[in-house]
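Here the structure is laid out as structure tokens; the discussion comes afterwards.
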Amino acid sequence: MPWSNGPSRTSTPEWRKIRRACITRDGNTCAECGADGRQVRLDCDHIIPVAEGGTDTLDNARMLCTTCHAAKTRRETERGRARRNAKRYRAKEPHPMDAILAQQQANQQCEQH
Ligand SMILES: [Zn+2]
Numbered sequence: 001m002p003w004s005n006g007p008s009r010t011s012t013p014e015w016r017k018i019r020r021a022c023i024t025r026d027g028n029t030c031a032e033c034g035a036d037g038r039q040v041r042l043d044c045d046h047i048i049p050v051a052e053g054g055t056d057t058l059d060n061a062r063m064l065c066t067t068c069h070a071a072k073t074r075r076e077t078e079r080g081r082a083r084r085n086a087k088r089y090r091a092k093e094p095h096p097m098d099a100i101l102a103q104q105q106a107n108q109q110c111e112q113h
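Numbering (the UniProt record's numbering), first residue to last: 1 to 113.
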């Protein structure tokens, strides 16, 4: 779940302030489908997710309707899962140093005999 790392980042007073500034800048419409904020609920979205290095700034904010926001969050969750899988895969691979150390140990054993 996207919020499993703690409370939602969108609930902070700073982000609420950015949300208001974002509506002033972009208007009360969805940045992707143009849905009207008076007819649908709009969320203030991090363009670059915080998990990917995005910041709590107006530059990184835009309004999305819940439908577009949910689709984007789903894509981000899939990217996050792919990142975690990639990390796990790398961890399984032997470290290059292990091979070098094993070779050195083998050489030392040869010298001892
Ligand atoms: Zn939308």
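For every residue, glycine included, the Cβ atom is placed at its ideal position computed from N, Cα and C.
- Given Ala106, which residues of its chain have a CB within under 7 Å of its CB, disregarding the five upstream and five downstream residues? Residue numbering aside, residue 106 sits at position 106 when the sequence shown is read from its first letter. For Ala106, where only same-chain residues beyond five positions count, there are no Cβ hits under 7 Å.
- Own chain residues within Cβ distance below 8 Å of Asp43, not counting five before or after: Here residue 43 corresponds to residue number 43 of the sequence shown, with the count starting at 1. Answer for Asp43: Thr10, Met63, Leu64, Cys65, Thr66, His69, listed in chain order.
- Query: According to the neighbour-count rule (16 or more other Cβ atoms, all chains shown, within 10 Å of its Cβ), is Pro94 buried or exposed?
  - Reply: Locating residue 94 in the sequence shown gives position 94, counting from the first residue. Pro94 should be labelled exposed.
- Can you grab the Cα-Cα spacing for the pair Cys30 / Trp15, in whole Å? Taking the first residue of the sequence shown as 1, we reach residue 30 at position 30. Taking the first residue of the sequence shown as 1, we reach residue 15 at position 15. Cys30 and Trp15: Cα-Cα distance of roughly 17 Å.
- Would you call Ile48 buried or exposed, if buried means 16 or more other Cβ atoms sit within 10 Å of its Cβ? Here residue 48 is taken as the residue at index 48 of the sequence shown, counted from 1. Its Cβ having fewer than 16 others within 10 Å, Ile48 is exposed.
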